[in-house]
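These notes concern the structure reproduced below.
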Amino acid sequence: MSKKSASVWTSIPFWRRSAAWVTGVATVLLIWLTFDTMSQIRMGTDEELAKGITRRIPAPTVINYHIDYKYDKKRGHEVPVIGEKENFFGKQWSGEEAAALLHKGKLTSQAKNCMDCHTLLGNGAYYAPDLTKAWLDPKWNDGTMEGITGKETKEEAMAAFLMHPEMYPTHARMMPNLKITRDEAVALVAFLKHMSAIDTNGFPRNFSQSEKRLKGGTYAF
Ligand code: HEC
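Residues in the sequence shown are numbered from 26 upward in steps of one, following my numbering.
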């Protein structure tokens with residue numbers, strides 16, 4: 026009565042074949058996902074912006090446009106909407122100028138270690154407000170930020186805050202003065218404006234342009 030049991034679960038060739046198939050399918054899937062991601066995260070061009078073609082990451086010259094944040098019913102969250110042209114610090118920036126400015130802003134954010142306290146695109150800390158959509162915070166709008174008077178534009182209000190945060194406390198926790206120069210502040214504001222135009226699938230979720238926030242409400246740290 027020594028009949029061999031031929032269960033497939035104990036068959037070594039079966040497991041070898043399965044492993045080869047799973048590896049093969051996963052490899053094809055990962056290659057496809059890599060190409061898909063690469064096309065999604067490719068930075069857009071100035072021509073695309075001019076034609077109103079929206080890319081997930083717009084060209085640096087998006088700083089020359091008005092950026093709105095609107096609820097998209099189909100997607101179930103807010104998305105950046107690139108609108109009409111508007112000056113940034115009083116002018117329109119060429120492709121090269123805008124790219125150089127963003128580069129300086131990024132380097133300054135690293136040199137001053139904003140991520141030590143803030144989160145940018147999902148990286149960083151939660152000691153201070155998430156900066157991914159900071160540009161869209163209604164409190165910067167046209168000089169209405171509490172305490173910042175005489176600043177005609179949003180970018181001037183933000184730059185003033187960055188250079189002297191101790192003069193414009195908006196939360197119980199204060200941001201220290203990081204000795205940011207005027208040039209650095211302009212570059213940082215450009216960096217933040219560009220970042221706010223990136224389609225992040227609605228992240229951070231707790232960012233909202235609600236009345237509460239407008240009145241300086243609390244953040245979900
Ligand atoms: C030591 C911690 C710390 C560091 C480093 C820091 N911040 Fe802040 N920041 C804060 C705190 C705390 C607040 C909230 C206080 C306030 O608004 O007065 C804040 C607020 C802000 C705001 C207002 C956010 C909003 O939407 O209301 C901006 C913009 C900002 N920081 C930008 C920066 C940038 C850019 C850097 C890097 C150059 C930086 N911060 C580095 C602590 C920090």
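A virtual CB, placed ideally from N, CA and C, is assigned to each residue, including glycine. None of these values were measured; they are calculated from a predicted model.
Residues that residue i bridges to, as DSSP identifies them
i              : result
histidine 102  : Asp97
isoleucine 92  : Ile107
methionine 188 : The partner list for methionine 188 (beta bridge, DSSP) is empty, contrary to what the question assumes.
methionine 199 : Note: methionine 199 sits in no beta bridge, so no partner.
methionine 68  : Ile82
threonine 116  : The amino acid at residue 116 is misidentified as threonine; the sequence shows lysine. In the DSSP output, where bridge partners are listed per residue, lysine 116 has Phe113.
Simplified DSSP assignment, three categories, for residue i
i                 : result
lysine 110        : strand
leucine 145       : strand
lysine 164        : helix
isoleucine 205    : coil
valine 33         : helix
lysine 158        : coil
lysine 76         : coil
lysine 137        : coil
threonine 225     : coil
phenylalanine 232 : coil
alanine 212       : helix
proline 194       : coil
threonine 178     : coil
Whole-angstrom C-beta distance between residue j and residue i, which should lie under 8 Å
i              : j                 : result
leucine 127    : phenylalanine 216 : 6 Å
proline 105    : serine 221        : 6 Å
valine 87      : isoleucine 107    : 6 Å
methionine 140 : glycine 149       : 4 Å
tyrosine 90    : glutamate 109     : 7 Å
methionine 183 : glutamate 191     : No, methionine 183 and glutamate 191 are not in contact; Cβ-Cβ is about 15 Å, not under 8 Å.
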